[in-house]
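Visitor: Attaching a single structure in structure tokens format; questions to follow.
In the working numbering, the protein residues as written are 1 to 147.
Printed below as a string of structure tokens:
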């Protein structure tokens with residue numbers, strides 16, 4: 001079986017590439033999907049429908065277009081890894097975690113220990129909390145290849 005792993009969350013570091021490289025180096029039976037990680041492209045996703053005058057409506061329109069991809073890929077994944085970084089409040093990542101929890105899709109959170117408290121509900125529904133991409137790769141090794 002090939003596992004589909006959705007990599008959600010923070011877009012300002014190379015954590016996705018680290019997980020993908022680790023999985024490839026280990027020869028794991030996984031394929032990855034992710035949201036659009038180009039911030040400007042994501043913010044402009046709805047502009048093809050016409051650019052509204054007010055920022056709220058531009059964000060609303062773009063979030064709906066982005067939501068087509070996110071919802072579809074989350075529904076299709078076997079496991080989600082949801083990364084919370086240090087720099088920004090990733091409400092979209094928290095939303096993805098809630099969506100996974102509601103669907104019964106297992107997810108692993110990936111974040112530092114200094115944000116345990118604000119993520120306590122998100123972590124409570126997670127199957128695991130990892131602090132490094134290497135730990136995520138180790139989880140993927142176990143769930144995809146352990147006998």
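C-beta: ideal position from N, C-alpha, C; glycine also.
Can you confirm whether the stretch 77-94 touches the stretch 49-61 when touching is taken to mean that 3 or more C-beta pairs between the two stretches lie within less than 8 Å?
Guide: The answer is no - the stretch 77-94 does not touch the stretch 49-61, with fewer than three Cβ pairs under 8 Å.
Visitor: Measure the alpha-carbon distance for residue 95 versus residue 70 and round it to whole angstroms.
Guide: Here residue 95 is taken as the residue at index 95 of the chain shown, counted from 1. Here residue 70 is taken as the residue at index 70 of the chain shown, counted from 1. Straight-line Cα distance between these residues: approximately 11 Å.
Visitor: Rounded to a whole number of angstroms, what is the C-alpha to C-alpha distance between residue 102 and residue 26?
Guide: Numbered from its first residue, the chain shown carries residue 102 at position 102. Numbered from its first residue, the chain shown carries residue 26 at position 26. Cα to Cα, residue 102 sits roughly 31 Å from residue 26.
Visitor: In three-state DSSP terms, what is residue 82?
Guide: One-based indexing of the chain shown puts residue 82 at position 82. Residue 82 falls in the strand class under three-state DSSP.
Visitor: At 3 residues or longer, what runs of the beta strand (DSSP E) sit wholly inside the stretch 55-123?
Guide: Counting whole runs of 3 or more residues, the stretch 55-123 contains the beta strand (DSSP E) stretches 79-83 and 107-110.
Visitor: Starting from residue 40, follow the beta strand (DSSP E) in both directions and report where the run begins and ends.
Guide: As a position in the chain shown, residue 40 is number 40, starting the count at 1. That residue, residue 40, is in no beta strand (DSSP E); its alpha helix (DSSP H) goes 39-43.
Visitor: Can you round the beta-carbon distance between residue 129 and residue 144 to whole angstroms, since I take them to be within the 8 Å contact cut?
Guide: Translated into the one-based positions of the chain shown, residue 129 becomes position 129. Translated into the one-based positions of the chain shown, residue 144 becomes position 144. The pair is not a contact, with the Cβ atoms about 19 Å apart (cut-off 8 Å).
Visitor: From residue 76 to residue 114, what distance separates their C-alpha atoms?
Guide: What you label residue 76 is simply residue 76 of the chain shown in a count that begins at 1. What you label residue 114 is simply residue 114 of the chain shown in a count that begins at 1. Spanning the two alpha carbons is a distance of roughly 31 Å.
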